Amino acid sequence: MATVVERFLSEKCGERVEAGDVAVVEPDVIMLHDGSGATALRTLRELGTERVKRPDRVVLIFDHSVPPSSVEAANRQNELLAFARRHGIERVHVDEGVCHQILVERGYARPGRVIFGGDSHTPTAGGVAALGFGFGGTDMAFTLLYGELWLRVPRTIRVHVTGDLGPGVTAKDLALTIVGELGAGYADYAVLEYTGLPERLPVGDRMCLCNLATEAGAKSAYVPPAEGPERLRPGDADETVELDASEVEPVVSVPDAVDRVRPVGDVQGEEITRVFVGSCTNGRYRDIRAFTEALDALGGPDPNVRIVVVPASRRVLLRLARDGTLERLIELGASVAPPGCGPCLGEHLGVLGDDDVCVSTANRNFPGRMGSVEADIYLASPLTAAVAAARGELADPREELPRTALERVSGS
Amino acid sequence: MRWEGRAWVFGDNVDTDQIIPGRYLRRVSYDELGRYAMTGADPEFPEKVREGDILVAGRNFGCGSSREQAVMALQQAGIACVVAESFARIFYRNALNRGLPTVEAREDPTEIVEDGERVVVDLDELVLRSESGEVPLREPPEFARRAWREGGLLELARRNPERPPWR
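Protein chains in written order, with this note's numbering: chain A, 1 to 412; chain B, 1001 to 1167.
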């Protein structure tokens, strides 16, 4: 037997590799966004060469500063477009959505594939049984140049989840609870593999779990498909952690660390000025729809709360537009921004001021992440975000929302 | 390899938003990042730091986003090396590529170092020394030593772009 990552990487290397070995890997997909792409391009210039070995494997996605947030951003994106044209890179997605969402929607991430991405949340692809690894700009420049990169084969930590989530408790609460239990650096240099309940969750929820694996330090993440060929099913693990989903409560990550996880009830009453719904963690159709329905059920937002909603992709936005959710969001007073990363990284479309307290459905609440170093960020599920938006303060969705609204998302 | 310089002490889980806040990434040029280094943790840091200074931190230094500008900002600010109990993997790789030495300590080095005091990082004796004591360092892998000596994998590739530096 071998772990899933040992299996995948052995296939790619053409020889058997084990945890701890240094492997030289040719990934199936080389993903760059407008941030890491620009850094990689600069590195290629420092190297004095501009070769791209496998343009057919490169996917370029603009999502961080879209539409361009500054002259510098616009210039860098134009340079990247020219670079793609010069090298015959045809898979270019501009303003279409967050890279991790586009990788899945467009089928670049699919079971059994290995993806090297210039973004720390590349492990999100584990939601569709692909192994995604995140790198910085120079490593991505090397991958463009050589079509390969060295990698130490990681060990595997399995998180086995038994039981079911209760009403009003979402995959986000499960994901944050796991990060809280493990701690920020627990999975450094390891793959987090989620088995049990996660195997039965919808794709979006599996992506949410794998996305937050990064915040436990994981090098990659994986949820085995419930059915599928043996090679995609769980193999060995170097360590197993068990968790009972029925004991998971609605939680928040309190400022300023993702692993500082508390039941919402413990911080009940904390006043909120901003709500952000979106990102590669929770910007999908079901997230935004659950948020809208819950906010609607509670009679709309508190007058002191400003809401920004950023769909994870154009496809998500279109679906929200077609079924009337978008219209309802606008009526409720939310600002709906174009698909992309939005204010998650503090660049534009809703930057926080010194006194702001934000509930965000994204994945990071570090000081200064969304703007001012003074601002506070609570990470939460779309349901908890809806309750905060409606009440103007943090509150437990199970106490606030009608039973019907809770059941619609139970176990989701 | 050995470094001697003033130390600046930070805690556990120093993330890349603290090293270089996201709002500067696409507003300033790559060569001006040093002016904003560590401002997410200490807004006065760029005024205090000098060439050859050393960062000392706890666990999981450099976690968070993959932004390589975090390494560039520290280098431009003059940081000679970072000593921490552990490093987040993407930051460690970025530093290896750009030739910023990242040395792991066997115990929490922040316990024995005061902000602003002079410390010695000695890779031959594998020890970090301060006024008040010593902390043993982990032996860095040979390929890391080589990369740091040569100015990073990027520099090795620059000298011979035809051959991947790991081949």
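No residue lacks a Cβ here, since even glycine has one placed at the ideal position from N, Cα and C. Small disclaimer: the values here were computed from a predicted structure and weren't measured.
- Sequence-ordered contacts of the stretch 1089 to 1111 of chain B with chain A read Arg1089, Ile1090, Arg1093, Asn1094, Asn1097, Arg1098 [C-beta pairs closer than 7 Å].
- Here the alpha carbon of Glu239(A) sits roughly 7 Å from the alpha carbon of Thr156(A).
- Between the stretch 262 to 271 of chain A and the stretch 392 to 402 of chain A, the count of C-beta pairs closer than 8 Å reaches three or more; the two stretches touch.
- Within 9 Å of the CB of Val24(A), the CB atoms of chain B belong to Pro1164, Trp1166, Arg1167, in sequence order along the chain.
- Using a CB distance cut-off of 8 Å, Phe135(A) counts as an interface residue toward chain B.
- DSSP, read as helix, strand or coil, puts Val104(A) in helix.
- Those residues of the stretch 1045 to 1074 of chain B placed with their C-beta closer than 8 Å to a C-beta in chain A are Arg1059, Asn1060, Cys1063, Gly1064, Ser1065, Ser1066, Arg1067, Glu1068, Gln1069, Val1071, ordered along the chain.
- In this structure, DSSP gives Pro1136(B) an extended state, which the three-state scheme calls strand.
- In this structure the stretch 121 to 132 of chain A touches the stretch 222 to 237 of chain A; the number of beta carbon pairs closer than 8 Å is three or more.
- Taking each of Asp236(A), Ala388(A), Val357(A), Ser10(A) in turn and checking the Cα distance to Asp302(A), the smallest one comes out for Ala388(A).
- Secondary structure at Pro67(A): coil, using DSSP grouped into helix, strand and coil.
- Residue state for Pro397(A) is assigned as helix, using DSSP reduced to three classes.
- Arg274(A) counts as buried, since no fewer than 16 other beta carbons sit within 10 angstroms of its beta carbon.
- Chain-order list of chain B residues neighbouring Ala257(A): Asn1013, by C-beta distance under 7 Å.
- Arg155(A) has a beta carbon lying at 8 Å or more from every beta carbon in chain B.
- Residues of chain B whose Cβ lies closer than 8 Å to the Cβ of Gly371(A) are, in chain order, Arg1023.
- By the criterion of at least three beta-carbon pairs nearer than 8 Å, the stretch 205 to 213 of chain A is not in contact with the stretch 134 to 144 of chain A.
- Sequence-ordered contacts of the stretch 39 to 57 of chain A with chain B read Thr39, Arg42, Thr43, Glu46, Leu47, Gly48, Thr49 [C-beta pairs closer than 7 Å].
- Distance from the Cα of Arg106(A) is smallest, within the candidate group Ala297(A), Ser372(A), Val316(A), Asp355(A), for Val316(A).
- Using a Cβ-Cβ cut-off of 8 Å, Arg322(A) does not count as an interface residue toward chain B, since no Cβ of chain B sits closer than that to its own.
- According to DSSP, Val191(A) shares a beta bridge with Thr156(A), Ser220(A).
- For Thr39(A) and Asp1031(B), the gap between their C-alpha atoms comes out near 12 Å.
- Take Arg1145(B), set aside five residues on each side of it, and the residues of its chain with a beta-carbon closer than 8 Å to its own are Met1001, Leu1123, in chain order.
- Chain B places no beta carbon closer than 8 Å to that of Gly107(A), leaving this residue out of the contacts.
- Linking Gly1099(B) to Leu1153(B) through their CA atoms gives a straight-line distance of about 7 Å.
- Listed in chain order, the positions of the stretch 1023 to 1037 of chain B with a beta carbon within less than 8 Å of a beta carbon of chain A are Arg1023, Leu1025, Arg1026, Arg1027, Val1028, Ser1029, Tyr1030.
- Taking a beta-carbon distance threshold of 8 Å, Leu345(A) counts as an interface residue toward chain B.
- Within a 10 Å sphere around the beta-carbon of Ala1070(B) sit 16 or more other beta-carbons, which makes this residue buried.
- Considering only beta carbons, the part of the stretch 1139 to 1161 of chain B lying closer than 7 Å to chain A consists of Leu1154, Ala1157, Arg1158, Pro1161, in chain order.
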